[in-house]
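J.: I'd like to ask you about the structure that follows.
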Amino acid sequence: MALAKLKSDATEARLAGLTLPDGAAWSNAARADAWERVRRMGLPTKRDEYWKYTDPTTLTAPDATEAALFHHDEGPLFDAVDRLKIVFVDGLFDADASDDLSAEGVEIARLADAMATDIHWAKDLYGVLEARAQKPVERTLAALNTAMATDGVVIRVTGKASRPINLIYLHKDVTSDAVLHNLVKVEQGAEVTLLETGPAAARFSNSLEVEVADGGAFHHVRAQGRDHERRAVTHCFASIGAKSSFKSFTLTFNGVLTRNECVLEILGDEAVAHVAGACVGDGGDFHHDDTVFITHDAVNCESRQVFKKVLRNGATGVFQGKILVKEGAQKTDGYQISQSLLLDEDSQFLAKPELEIYADDVACSHGSTSGAIDETALFYLRSRGVHTDDARNLLTLAFLAEALEEIENEELADELRDRLEGWLARHS
Amino acid sequence: MLEIKNLQVALEDEDKQILKGVDLKIEPGKVHAIMGPNGSGKSTLSYVLSGKDGYEVTGGEAALEGADLLDMEPEERAAAGLFLAFQYPVEIPGVGNMTFLRTAVNAQRKSRGEEELSAGDFLKEVRAKAKSLKIDAEMLKRPVNVGFSGGEKKRNEILQMAMLEPKMCILDETDSGLDVDAMKLVAEGVNALRSEGRSFLVITHYQRLLDHIQPDVVHIMADGRIVKTGGPELALEVENNGYADILAEVA
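Heads up: the protein sequence lines correspond to chains F and P, in order.
As numbered in the numbering used here, the first sequence has no gaps in its residue numbers, which increase by one up to the final residue, 428.
As numbered in the numbering used here, the second sequence has no gaps in its residue numbers, which increase by one up to the final residue, 1251.
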């Protein structure tokens, strides 16, 4: 069927100036396939059901909208953590600022190098999970990322990684339009922690494809930087094997537009998949969207979605979360909660929780709430001498606590909590 | 210490007068008790003094050591030395009890221009005071009042009082929901805090709490006014005869 005019116009306009990067035969084929997916599906417009609450226009436009750099005096995140640093400036790998791409238990290469190699394991992962995730909902921006990604890393985890890998995304150019694509292949019984930090670019498209083999563990902690005017669309695709664990947490400060999509397939029995997020937004131009799709296709698996948003001064939060339990995925334990704390009457939270279940022996629950600060608790704190703003911030942090508890590493969680405290103090 | 003159208070949302002219003067170091039937305005008095929203002062005044209380924010009243032990202590999920206590103690110290307590000193002090109230480390770690029994909540109120060392303590029906042993423990905690510079206002329905916390002065409150004032024997009179006789006598 031909695409609607609005859609085909947007798609053609976007693709007009683009040329596919060149690499090895397999990678050229992967890019060409993705390009075809983009043309067939068309880029999203605000008429798409899946983009009902978030206007994708600035994400699909040929050029990135300018985003002023945001200067602040906070040091780099996770500075005290012993980690392997891989730095990208406006979407380009910065070898000088990065550590040696080697650590015990992992093999790391630049995406461009992997894509130029004739025989590489990345062939079986690059664009593969993305292509599979195009049903039942089209994610054309992810296909566009697969076609066009210029940089990124491919990580093969063969044992217990000796230290976390931190992808650091710096933003220095006000018009930068970055497209990064990262692959992580966690082999049987292997374990790794991936950190992603920083604002990245004026406009950022980021894809992460993760394959967790049986008994593997993937921990992901991400902090999307504080630049007020940046825009980002991110996709995290994961296939999750038996008795393995996938845990992803994202903290978002500010940003004009953020759409974080997370698509998980649980394919092996007794696996665990958790995805959580906390965001804080101040101002009418703040828009933050978490879109999650978790498919249970194995027995005895557990999934959790925990999303909390603090919205003030006209900020908007969106949550679209789905749990699909396929036929035969018995003993599934699925949990989903999305909550917003609205600090004034101008802010809004739009939530679309969905469950689709084809197995009869499962326990799935979901809940969604919007509320204001608890005035009774506020008075209680004030009556003990805590100043109103501090009391509000304490209660706001308490509201976010359940999401932050999803981070297993206490050191990382504490640092993010400190950053949140700082943000709240500055914005109260 | 606390001086209330002709205090008149109405509910903000509805046109209903709750306090109709309360006069009360509490000297430093003294323990006053207010007794009275349900709906007489006892709890309203405690809320208005601590600055809760929803009440409108339509007349009169209230001063703590000469400073106008009614003009202050709740946190300013706390820093000035006022403390209300809540009838229904509030549960705050996500805020650890210890964090809460330290934040409160240091906020008050800061307001008074004092140095904040170091983490070590604070810990030492809170542990010692918690121990005497039989509050264990587990309770200190848990979120404020979440999952606490009625008795634990009240003991937690007294712990806050002990840490904040206020000058004027108001106890709003601290005995409600307590069994005899819990009440004794709470009363011991209160008695340990009695000192020359600290006054108490104990609000209660029943005389039994006053067996453990011996008041200097007892007031009977009815229909928004203090209708009778006397010594501890007045509480016994209520215990034996109920309020009906006293109310009939002053009517």
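All residues carry an ideal CB built from backbone N, CA and C; glycine is no exception.
1) Using DSSP bridges, identify the partner residues of Q1214 of chain P.
2) Cα-Cα, which of P:A1063, P:I1220, P:M1001, P:E1157 is closest to L381 of chain F?
3) I think G317 of chain F touches C279 of chain F, with their Cβ atoms under 8 Å apart; what is that distance to the nearest whole Å?
4) For H1205 of chain P, which residues in the same chain have their Cβ closer than 6 Å to its Cβ, ignoring the five residues on either side in sequence?
5) Check each residue of the region 1101-1130 of chain P: if its Cβ is closer than 7 Å to any Cβ of chain F, include it; give the result in chain order.
6) Measure the beta-carbon distance from L264 of chain F to A298 of chain F and round it to whole angstroms, keeping in mind my assumption that it falls under 8 Å.
7) Can you find a CB in chain F that lies within less than 8 Å of the CB of I1092 of chain P?
8) Which of the three DSSP states is assigned to A273 of chain F in this structure?
9) Tell me whether the region 1051-1069 of chain P and the region 1215-1235 of chain P touch, counting them as touching only if at least three CB pairs, one residue from each stretch, are closer than 8 Å.
10) So is S27 of chain F in contact with chain P if we call contact Cβ pairs under 8 Å?
11) Once the 5 residues before and after S162 of chain F are set aside, which same chain residues still bring their CB inside 7 Å of it?
12) Measuring alpha carbon to alpha carbon, tell me which of F:A25, F:A2, F:T57 ends up nearest R14 of chain F.
13) Pick helix, strand or coil for A195 of chain F, following the three-state DSSP scheme.
14) What do you reckon, are the CB atoms on V386 of chain F and L394 of chain F nearer than 8 Å?
15) Helix, strand or coil: which one does DSSP assign to T396 of chain F?
16) Is there a Cβ from chain P that is less than 8 Å from the Cβ of D343 of chain F?
17) Roughly how many whole angstroms lie between the Cα atoms of T376 of chain F and P76 of chain F?
18) Using the Cα positions of A200 of chain F and L170 of chain F, report the straight-line distance between them to the nearest angstrom.
19) Determine the chain F residues that contact S1050 of chain P at a beta-carbon separation under 7 Å, and present them in chain order.
20) Should the region 1166-1173 of chain P be regarded as contacting the region 1077-1085 of chain P, the criterion being three or more beta carbon pairs within less than 8 Å?
21) Going by DSSP, what residues sit across from E302 of chain F in a beta bridge?
22) Once the 5 residues before and after L412 of chain F are set aside, which same chain residues still bring their CB inside 6 Å of it?
23) Helix, strand or coil, according to DSSP, for N1106 of chain P in the structure here?
24) Can the beta-carbon of A315 of chain F be found closer than 8 Å to that of G283 of chain F?
25) State the CB to CB distance for the pair T295 of chain F and N260 of chain F, rounded to an integer number of angstroms; the pair is presumed to be in contact (CB under 8 Å).
26) Please decide whether V1095 of chain P counts as near chain F, where near means a Cβ-Cβ distance under 8 Å.
27) Classify L1234 of chain P as buried or exposed, calling it buried when 16 or more other Cβ atoms lie within 10 Å of its own Cβ.
28) Considering just the uninterrupted stretch of the beta strand (DSSP E) at R31 of chain F, what are its terminal residues?
29) Is the CB of H387 of chain F under 8 Å away from at least one CB in chain P?
30) List, in order along the chain, the chain P residues whose C-beta lies closer than 8 Å to that of F399 of chain F?
31) Counting only Cβ pairs nearer than 8 Å, list the residues of chain F close to Q1160 of chain P.
32) How would you call V292 of chain F, buried or exposed, if buried means at least 16 neighbouring beta carbons within 10 angstroms?
T.: Working from what's here:
1) Answer is none; Q1214 of chain P lacks a bridge partner.
2) P:E1157
3) 7 Å
4) none
5) T1103, A1104, A1107, Q1108, S1111
6) Actually they do not touch by this definition, with Cβ atoms about 12 Å apart.
7) yes
8) strand
9) no
10) no
11) A103, E104, G105
12) F:T57
13) According to the sequence as given, residue 195 of chain F is Leu; it is not Ala. Three-state result, L195 of chain F: strand.
14) yes
15) helix
16) Looking at the sequence provided, one finds Leu at residue 343 of chain F rather than Asp. Not an interface residue.
17) 37 Å
18) 5 Å
19) S383
20) yes
21) F:V272, F:D333
22) V221
23) helix
24) yes
25) T295 of chain F to N260 of chain F, Cβ: 18 Å. No contact.
26) yes
27) buried
28) Careful: R31 of chain F lies outside any beta strand (DSSP E), inside the alpha helix (DSSP H) at 25-41.
29) yes
30) G1094
31) R384
32) buried
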